[in-house]
Amino acid sequence: MSFNDLFSANSISGSGMTAESYRMEVIANNIANANSTRSANGGPFRRQDVVFAEVLGSATRGAPGPNFRGVQVVDRIEDPSELPRVFMPGHPDADAEGFVQMPNVQLPIEMVNLLTASRAYEANLRAAQTFRQMSEQALALLRG
Amino acid sequence: MPMDALAPLASLSTLPRLAPLAPNESSAAAPAAGGTSGSGFGTLLNNILDGNRQANAAADAAVQDLATGEAQDLHTVSLAIAQAEVSFRLILELRNRLSDALQEVTRMQV
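So the sequences go chain by chain: F and B. Per numbering that gives the first Met the number 0, residue 0 is the first one in the first sequence, and the count goes up by one each step. Per numbering that gives the first Met the number 0, residue 0 is the first one in the second sequence, and the count goes up by one each step.
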């Protein structure tokens, strides 16, 4: 265990914040593309979501088993749900019957996800702050 | 004449007189330092200082990334700085305690 492992709680909270801010980016991208009918894969934009995974270190610290290293974004998946069809004959992407396939982004759902991501970020931030306060209180023991 | 002078010197240097001294000293110092293998308090302190140096370097790199626009997110920068600060203050408090103890010893009546 190295000296900097004393502050591993800091980096664990940091990884949580990084993951949550990535989720926020994905949600913001979903909201921004709520009306995009063209995407890189062809067809309309599909709503995306992130997959998180726990990260474990190999070294044991105190308790048996691997120690904690935080969270990691492992994948970004596309929502396979059905794309709504909207009747817009004047649209350049309309099919022969005049229907356009729109993205499967639903703004209320994205807003709720955004709120969840924001609260999770806040929780990680609070954990880091609390850890810092704890360290400072422990440091106060050394003060004469 | 020079050959005669060198010969006893060479035989002296091959004598294993100094070799056992070093292990003896370290084995005597090891229990005093809390059982760490062959390291005195100085090396212990150096290790801690090295950890602080690493934290400082990480904070410097984070600030540099922020200045050059390479930083991906703000919290990494602030966390690196916070960690460097806390670890520095830990070392500062340790040093203060040490120097206080030293002063206490120097004030001692003999």
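Backbone N, C-alpha and C fix where the C-beta goes; we use that ideal spot for every residue, glycine too.
Checklist entry - Is there at least one Cβ from chain B nearer than 7 angstroms to F/Met-23's Cβ? => result Here residue 23 of chain F refers to the residue found at position 24 when the first sequence is read from its first residue. False, the Cβ-Cβ gap to chain B never drops below 7 angstroms.
Item to check | Rounded separation between F/Ala-95 and F/Val-73 - CA only | outcome: Position 96 of the first sequence, counted from the first residue, corresponds to residue 95 of chain F. Position 74 of the first sequence, counted from the first residue, corresponds to residue 73 of chain F. Those two C-alpha atoms are separated by around 40 angstroms.
Checklist entry - Rounded to whole angstroms, how far is the Cβ of F/Ala-127 from the Cβ of F/Ser-12, which I believe are closer than 8 angstroms? => result For the purposes of this step, residue 127 of chain F is taken as the residue at position 128 of the first sequence. For the purposes of this step, residue 12 of chain F is taken as the residue at position 13 of the first sequence. Indeed they touch by this definition, with Cβ atoms about 4 angstroms apart.
Next on the checklist: Is B/Thr-35 close to chain F? Criterion is C-beta to C-beta, closer than 7 angstroms.
Outcome noted: The sequence position of residue 35 of chain B within the second sequence is 36, counting from 1. Its pLDDT being 45, under 50, B/Thr-35 is placed unreliably in this model, and the coordinates cannot settle the point.
Next on the checklist: Counting only Cβ pairs nearer than 9 angstroms, list the residues of chain F close to B/Leu-93.
Outcome noted: The residue labelled residue 93 of chain B in the question sits at position 94 within the second sequence. Leu-141, listed in chain order.
Checklist entry - Closest by CA to B/Thr-75, which one among B/Val-62, B/Thr-67, B/Phe-87 and B/Glu-84? => result Position 76 of the second sequence, counted from the first residue, corresponds to residue 75 of chain B. It is B/Val-62.
Checklist entry - With 16 other CB atoms within 10 Å as the buried threshold, where does F/Val-50 fall? => result As a first step, residue 50 of chain F must be located in the first sequence, where it is residue number 51. Burial call: exposed.
Next on the checklist: Could you pull the DSSP bridge partners for F/Phe-76 from this structure?
Outcome noted: Residue mapping note: residue 76 of chain F aligns to position 77 of the first sequence, counting from 1. Position check: residue 76 of chain F holds Ile in this sequence, whereas Phe was assumed. F/Asp-48, per the DSSP bridge assignment.
Next on the checklist: With DSSP as the reference, identify every bridge partner of F/Gly-69, one or two as the case may be.
Outcome noted: Indexing the first sequence from 1 puts residue 69 of chain F at position 70. DSSP output for F/Gly-69 lists F/Val-54 as bridge partner(s).
Checklist entry - Where does B/Arg-96 sit, in a helix, a strand or coil, going by DSSP? => result In the second sequence, the residue the question calls residue 96 of chain B occupies position 97. Helix at B/Arg-96.
Item to check | Alpha carbon of B/Ala-178 to alpha carbon of B/Gln-82, nearest angstrom | outcome: In the structure as shown, chain B begins at 0 and stops at 109. Residue 178 of chain B is therefore absent and cannot be evaluated.
Next on the checklist: Classify B/Val-109: buried if its beta carbon has 16 or more other beta carbons within 10 angstroms, exposed otherwise.
Outcome noted: Residue numbering aside, residue 109 of chain B sits at position 110 when the second sequence is read from its first letter. Counting Cβ neighbours within 10 Å, B/Val-109 comes out exposed, since fewer than 16 surround it.
Checklist entry - Is F/Ala-82 near F/Asn-112, with beta carbons less than 7 angstroms apart? => result Counting from one through the first sequence, the residue named residue 82 of chain F turns up at place 83. Counting from one through the first sequence, the residue named residue 112 of chain F turns up at place 113. The residue you asked about is not Ala; residue 82 of chain F is Leu in the sequence shown. Taking 7 angstroms as the Cβ cut-off, F/Leu-82 and F/Asn-112 do not qualify as a contacting pair.
Next on the checklist: Considering just the uninterrupted stretch of the beta strand (DSSP E) at F/Val-85, what are its terminal residues?
Outcome noted: Looking up residue 85 of chain F in the first sequence gives position 86. Looking at the DSSP string, the run of the beta strand (DSSP E) that includes F/Val-85 is 84-86.
Item to check | C-beta neighbour in chain B for F/Gly-13, strict 7 angstroms | outcome: By one-based count along the first sequence, residue 13 of chain F stands at place 14. It does: the Cβ of F/Gly-13 has a partner Cβ on chain B nearer than 7 angstroms.
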